Structures are given as structure tokens and as C-alpha cells.
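A.B. asks: A single structure is presented below for examination.
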Amino acid sequence: MRRVITFVDGFNLYHSINTLVARNGSSSCYKWLNLTNLSTQFLNKTEDLKEVHYFSAYAKWDQGKMDRHKVYINLLKATGVKVILGSFLKKTKRSRVPCQATCSQGKKNGLCNKSFVTYEEKLTDVNIAIDMLKACINDECDSVFLISGDNDFVPALQAIKTLKPAVEISVLFPPGARAKHLEKVCVGNKFRHMRIKEQHLKKALFPKVFSVAGSTFSCPSSWV
């Protein structure tokens with residue numbers, strides 16, 4: 000049997016689910032996702048799921064979001080998922096929205112130019128790329144499943160193909176992901192690529208109250 004490791008781009012999947020919820024009126028409970036069960040739905044008869052690696056970061060500026068995320072991450076850890084956390088970098092930017100009004104900060108070149116604070120996720124993409132390469136080079140797997148719709152992973156996948164050509168690469172696109180370049184690379188390199196649909200999410204949900212390894216976890220009320 001071919002050993003499979005799934006690498007999950009947590010925020011890419013999270014935002015894809017949010018988009019699905021907003022577009023179709025689907026339930027936010029899809030965030031309460033059993034990543035092991037989701038992965039097994041895409042295995043073929045020659046593959047066996049060895050591990051799931053989940054990559055994300057805490058939104059520390061929003062206590063509610065962080066608390067919900069911690070509950071979910073602790074559940075993933077309790078079910079054997081390896082969790083690798085990055086971080087967010089606080090940045091101040093200026094608005095580029097066209098504006099004709101006069102304000103204290105003053106418009107510039109017809110643009111608003113007001114400053115605002117935002118947060119950019121750091122390290123997650125790098126962590127995933129490095130972890131995939133290490134797993135392949137160290138012969139920890141025979142097949143890679145990448146759950147993401149991010150074009151930035153193209154160089155890492157091409158490096159795996161060059162360095163470890165025997166490793167089979169599969170990309171699982173989250174619902175609604177539009178990574179045309181990544182999809183084109185999959186076709187050109189004959190990487191297996193599939194789309195995660197709402198029916199896959201439904202089959203992979205944890206029970207709303209789930210006990211494992213002596214601990215009980217409850218789905219956050221805003222996700223139910």
C-alpha cells in the first residue's frame with residue numbers, strides 16, 4: 000500500500016468554506032471538519048492514509064475567533080492530526096479606494112489614502128512547502144495530498160516531482176477555489192487533481208459533541 004500524507008492549508012480551506020456558506024446559505028458547521036475522514040474519501044485502493052498535517056495561525060486580535068479555533072485545533076490534535084502553526088503580521092496600509100471627499104488625512108491622486116490596520120498571515124505557505132519536501136525526501140510517504148487552492152504551491156510541487164519522481168502528487172481543491180495556474184500545472188504534469196464538494200464535507204463532519212482520548216469537544220455555537 001502507498002503511504003499517504005495529507006497537507007492541509009487551513010486558511011485556504013476555511014475561507015473556501017466561508018465563501019460556500021455565503022453563496023449557498025450552507026451551514027457553518029462545515030468548519031467542524033474531520034480532516035482524516037475527508038482525506039480518506041479520496042484514497043484509491045492502493046493508498047493508505049498515514050498522517051494528516053494541518054497548517055494555520057491564530058487570529059490573536061479577535062478573541063472569539065481564536066477561542067473557536069483553539070477548540071478545533073485541540074480536537075484535531077486529539078484525533079492524531081499534526082498541527083503546525085504560523086503567525087500573523089500586523090501591518091498599516093493606506094486605502095486605495097477612489098475618493099473625492101476632503102478629510103483630515105487627505106486624499107492623494109484621487110484616492111482615499113486613509114491609513115488602516117490589517118493582518119497578513121506569515122509562514123504557513125513556507126511551512127507547508129518545507130514539510131512536504133521533507134516528508135518526500137526522507138521517504139516518509141509515497142503519495143502527497145495537498146488540500147489548497149493556492150497557486151503559490153506550484154514551485155514546491157514541481158520540486159517534489161524533480162527530486163522524488165516516484166512520489167505521486169494529488170491536489171484537492173477546496174470548494175470554489177479558482178487556482179487556474181495550479182490546475183494547469185496539475186494537468187501538464189499529470190498530477191491527480193480533484194475538487195472537494197459539499198457532499199464530501201457533509202460526510203466528514205465530527206459529531207457536534209465528540210469524545211476522544213478522554214476529552215469531550217463541542218462544536219462552537221456559531222458554527223452549528
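Residue numbers (numbering that gives the first Met the number 0): 0 to 223.
A virtual CB, placed ideally from N, CA and C, is assigned to each residue, including glycine.
All values reported here derive from a predicted model rather than from experimental measurement.
Throw me the rounded Cβ distance for the Leu-6 and Val-208 pair, which I believe falls under 8 Å.
C.D. replies: It should be noted that the sequence gives Phe, not Leu, for residue 6. Not confirmed; about 29 Å, so no contact.
A.B. asks: May I ask which residues mark the beginning and end of the beta strand (DSSP E) holding Ser-169?
C.D. replies: 167-172
A.B. asks: Would DSSP call Val-227 helix, strand or coil?
C.D. replies: Nothing can be reported for residue 227: it is not among the residues displayed for the chain, which extend from 0 to 223.
A.B. asks: With a CB to CB cut of under 8 Å and the five nearest residues on each side skipped, what residues in its chain are close to Val-70?
C.D. replies: Phe-216, Ser-217, Pro-219
A.B. asks: If you draw a straight line from the C-alpha of Thr-35 to the C-alpha of Pro-97, how long is it?
C.D. replies: 46 Å
A.B. asks: Just mark Trp-60 as buried or exposed, buried being the case when its beta carbon has 16 or more other beta carbons within 10 Å.
C.D. replies: exposed
A.B. asks: Taking contact to mean at least 3 C-beta pairs separated by less than 8 Å, is the stretch 165-176 in contact with the stretch 184-196?
C.D. replies: yes
A.B. asks: Could you give the DSSP three-state label for Lys-201: helix, strand or coil?
C.D. replies: helix
A.B. asks: Is the Cβ-Cβ distance between Cys-185 and Val-3 less than 8 Å?
C.D. replies: In this structure, Val-3 does not lie closer than 8 Å to Cys-185 by Cβ.
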